[in-house]
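Reviewing the structure listed below.
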Amino acid sequence: AANYTYYLCDPYSQLVRKIVPQTLLVTTSTGATSYCTGSTVTLVATPANLSNYVFRDGAVILGTSSTGSLTISTLGIGQHNITCTATNAQGQPVPSNTMVLDITNGLSVSINVQGSTTICQGDSVTLSSSVTGTYVWSTGATTSSIHATNAGTYTVTVTNAQGCSGQSAAVQILTMQPPDATVSSGT
Numbered sequence: 033a034a035n036y037t038y039y040l041c042d043p044y045s046q047l048v049r050k051i052v053p054q055t056l057l058v059t060t061s062t063g064a065t066s067y068c069t070g071s072t073v074t075l076v077a078t079p080a081n082l083s084n085y086v087f088r089d090g091a092v093i094l095g096t097s098s099t100g101s102l103t104i105s106t107l108g109i110g111q112h113n114i115t116c117t118a119t120n121a122q123g124q125p126v127p128s129n130t131m132v133l134d135i136t137n138g139l140s141v142s143i144n145v146q147g148s149t150t151i152c153q154g155d156s157v158t159l160s161s162s163v164t165g166t167y168v169w170s171t172g173a174t175t176s177s178i179h180a181t182n183a184g185t186y187t188v189t190v191t192n193a194q195g196c197s198g199q200s201a202a203v204q205i206l207t208m209q210p211p212d213a214t215v216s217s218g219t
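Residues are numbered in the numbering used here as their position in the sequence shown, beginning at 1, plus a constant of 32.
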């Protein structure tokens, strides 16, 4: 639907009034415009006092709503141009802005090992995440890096500001046993 501006001239008062048609504003319920693949996104068109809301991604209809709100989780990775049209009380179409919505892939997380994965008893190796965000290590630690002092398998799960998360592949730390030393006298 095209946006038009109308001017109404009152012949008796000689007043000219500018009449701007109603438009919709499309946003998300959180205000965010970037989500992870598979995330549930609630699209909101305001005002909500219209009828027959039709949400589109370009020319593709995503769904319809009687309330101005539509929840979806089927958008693929990439940029999406979201628009909406609704019907006002006079039966006229009301267009919206275009909201650009980015759907990103989950995080690709790996563990950076600073040192050898085989350590002597009493030594440690520093393990750190390859990406920034909120961390949860397999040890329960929530810092960006940890000092592994024990043999075992270590992983980290990271969640970024957009809510995308990913888990690293496991890193195996081995502990070498000290050699058995035998001392004998030379008799």
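Where is the CB? At the ideal position from N, CA and C, for every residue including glycine.
Judged by their CB atoms, Ser128 and Asn144 are not nearer to each other than the 8 angstroms cut-off. The three-state secondary structure of Cys196, taken from DSSP, is coil. Residue burial annotation: Ser97 is buried, with at least 16 other C-beta atoms found within 10 angstroms of its C-beta. Here the region 144-159 makes contact with the region 197-206; the two share three or more CB pairs at distances below 8 angstroms. Note that the C-beta distance between Tyr67 and Ile109 is not below 8 angstroms.
Counting C-beta pairs closer than 8 angstroms gives three or more between the region 106-120 and the region 82-92, which meets the contact rule. Judged by pairs of C-beta atoms under 8 angstroms, the region 192-199 touches the region 54-71, as three or more such pairs exist. A direct Cα-Cα distance of roughly 21 angstroms separates Asn137 from Ser61. Taking the C-beta atoms as reference points, Thr103 is found no nearer than 8 angstroms to Ala80.
Listed as beta-bridge partners of Thr78 by DSSP are Leu57. In terms of Cα proximity to Pro210, the closest of Pro125, Asp155, Leu107 and Trp169 is Asp155. The DSSP assignment places 83-89, 92-97, 101-104 and 110-119 as complete runs of the beta strand (DSSP E) inside the region 74-126, in order along the chain (cut-off: 3 residues). Residue range Ile143 to Gln146 is occupied by the beta strand (DSSP E) that includes Val145. Here Ala173 has Tyr167 as same chain residues with Cβ atoms under 8 angstroms from its own Cβ, once five neighbours each way along the sequence are excluded. Taken through DSSP and simplified to helix, strand or coil, Thr166 comes out as strand. Distance from the CA of Arg49 to the CA of Leu56, rounded to the nearest whole angstrom, comes to 22 angstroms.
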